[in-house]
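Here is the structure we will look at.
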Amino acid sequence: MSIARMNTAPRLTAVGLTRTFKGHAAIQDISFTVREGEFVAVLGPSGAGKTTLFRCLTGLLAPDRGEVRVDNDDIVRLHGRARRRIAVVFQQFNLVSRLSALDNVLAGRLGHVPVWRGVLRRFDRADRLLALECLDRVGLLRQAMQRADTLSGGQQQRVAIARAMAQRPSLIVADEPVASLDPAAGAGVLELLQRIARTDGVGVICSLHQVHLARTYADRVVGLSQGRKVIDSPVCRFDERAFGKLYGNSAGNDGDPA
Ligand SMILES: Nc1ncnc2c1ncn2[C@@H]1O[C@H](COP(=O)(O)OP(=O)(O)O)[C@@H](O)[C@H]1O
Ligand SMILES: [Mg+2]
Numbered sequence: 040m041s042i043a044r045m046n047t048a049p050r051l052t053a054v055g056l057t058r059t060f061k062g063h064a065a066i067q068d069i070s071f072t073v074r075e076g077e078f079v080a081v082l083g084p085s086g087a088g089k090t091t092l093f094r095c096l097t098g099l100l101a102p103d104r105g106e107v108r109v110d111n112d113d114i115v116r117l118h119g120r121a122r123r124r125i126a127v128v129f130q131q132f133n134l135v136s137r138l139s140a141l142d143n144v145l146a147g148r149l150g151h152v153p154v155w156r157g158v159l160r161r162f163d164r165a166d167r168l169l170a171l172e173c174l175d176r177v178g179l180l181r182q183a184m185q186r187a188d189t190l191s192g193g194q195q196q197r198v199a200i201a202r203a204m205a206q207r208p209s210l211i212v213a214d215e216p217v218a219s220l221d222p223a224a225g226a227g228v229l230e231l232l233q234r235i236a237r238t239d240g241v242g243v244i245c246s247l248h249q250v251h252l253a254r255t256y257a258d259r260v261v262g263l264s265q266g267r268k269v270i271d272s273p274v275c276r277f278d279e280r281a282f283g284k285l286y287g288n289s290a291g292n293d294g295d296p297a
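All letters in the sequence shown, in the order written, are residues 40 to 297 by the numbering used here.
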């Protein structure tokens, strides 16, 4: 899988990312690439630096050193609509609860402008069709007109993924997207992200608490420990030794050393 992707385009390139809080490096000299169609899982114990890394990847946090490139463009230089190339999926879904599923997905067409502008704006027919197609792909076409807060957690996260897809992004960044979901709903969400990567060629980078989920859905694992990258390997080589490097002798976060 990874060998076949050696020649595919890089969607995300992180180079030497370092971010320090009060003299303590939350992440230090982190470099890696996510290629077209690739699903990369970021693993590591609590406090390893995953969220800090993801905030740097989405431009929410400026690193002290290093750079982030999306399709070879430095994100510092991506403004306005170009920022749509990075779609973010959050642990808590971040939908507008009183809006319909469809209106939440349409917000994805606006990129990163405030949602209230989307609420006031009228979308054209092409945008509406695209939003409906995205809802269909996450299996929620019938719920298009339903208020977001009447959907289950798993359905809300699938709306959030449809919203991400409606951005037509190069990259989807998801920090713990299944941490608030029950196992079945979580598996459904990861399966969707995997399918989007493979079908649309989007790069997906996703932090996970559970190693077995990375093994099931990811192509590659990037492992962080105390702010440093200690693993960067195809998922098939993420063995017990690699597991020990990340979580020490503990069983990790989910008692899943196998
Ligand atoms: N805004 C902040 N201010 C101070 N320290 C922070 C801040 N954000 C993260 N940290 C520290 O950086 C380290 C990594 O945290 P984080 O990126 O949240 O890790 P993870 O997501 O892997 O649990 C931790 O030691 C955390 O306390
Ligand atoms: Mg975190």
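Ideal Cβ positions, reconstructed from N, Cα and C, are used throughout, including at glycine.
From a predicted model like this one, the values you see are computed outputs, not experimental measurements.
Check your understanding: How big is the Cα-Cα spacing for H151 and S191?
Key -> Walking along the sequence shown from the start, residue 151 turns up at place 112. Walking along the sequence shown from the start, residue 191 turns up at place 152. Legend: pLDDT at H151 = 41, less than 50; position of this residue unreliable, no value from coordinates given.
Practice item. Helix, strand or coil for E106, going by three-state DSSP, please let me know. Key: Numbered from its first residue, the sequence shown carries residue 106 at position 67. E106 falls in the strand class under three-state DSSP.
Check your understanding: Can you name the start and end residues of the alpha helix (DSSP H) that F282 belongs to?
Key -> Translated into the one-based positions of the sequence shown, residue 282 becomes position 243. Element bounds for F282: 279-286.
Practice item. Could you have a look at D221 and say whether DSSP puts it in helix, strand or coil? Key: As a position in the sequence shown, residue 221 is number 182, starting the count at 1. Coil at D221, not helix or strand.
Review point. Can you name, in chain order, every residue of its own chain whose Cβ lies under 8 Å from the Cβ of S136, other than the five neighbours on each side?
Key: For the purposes of this step, residue 136 is taken as the residue at position 97 of the sequence shown. The residues are R186, A187, D188.
Check your understanding: If you drop the 5 nearest sequence neighbours on each side, which residues of the same chain put their C-beta closer than 7 Å to that of L298?
Key -> Given a span of 40 to 297 for the chain in the structure shown, any question on residue 298 remains unanswerable.
Practice item. Have a look at K89 and S139 and give me their C-alpha separation to the nearest angstrom. Key: Taking the first residue of the sequence shown as position 1, residue 89 is located at position 50. Taking the first residue of the sequence shown as position 1, residue 139 is located at position 100. Separation of K89 and S139 (C-alpha to C-alpha, rounded to the nearest whole angstrom) is 32 Å.
Review point. Below 8 Å between beta carbons: does that hold for E230 and Q130?
Key: Walking along the sequence shown from the start, residue 230 turns up at place 191. Walking along the sequence shown from the start, residue 130 turns up at place 91. Q130 sits away from E230, with the two beta carbons spaced by 8 Å or more.
Exercise for review: Give me the Cα-Cα distance between G283 and D166, rounded to the nearest whole angstrom.
Suggested key: As a working mapping, residue 283 is identified with position 244 in the sequence shown. As a working mapping, residue 166 is identified with position 127 in the sequence shown. Answer to the nearest angstrom: the Cα atoms are 48 Å apart.
Exercise for review: If I'm right that R259 touches V115 with Cβ under 8 Å, what's the distance once you round it to whole angstroms?
Suggested key: Within the sequence shown, residue 259 is the residue found at index 220, counting from 1. Within the sequence shown, residue 115 is the residue found at index 76, counting from 1. Between V115 and R259 the Cβ distance is about 26 Å, and since that is not below 8 Å, they are no contact.
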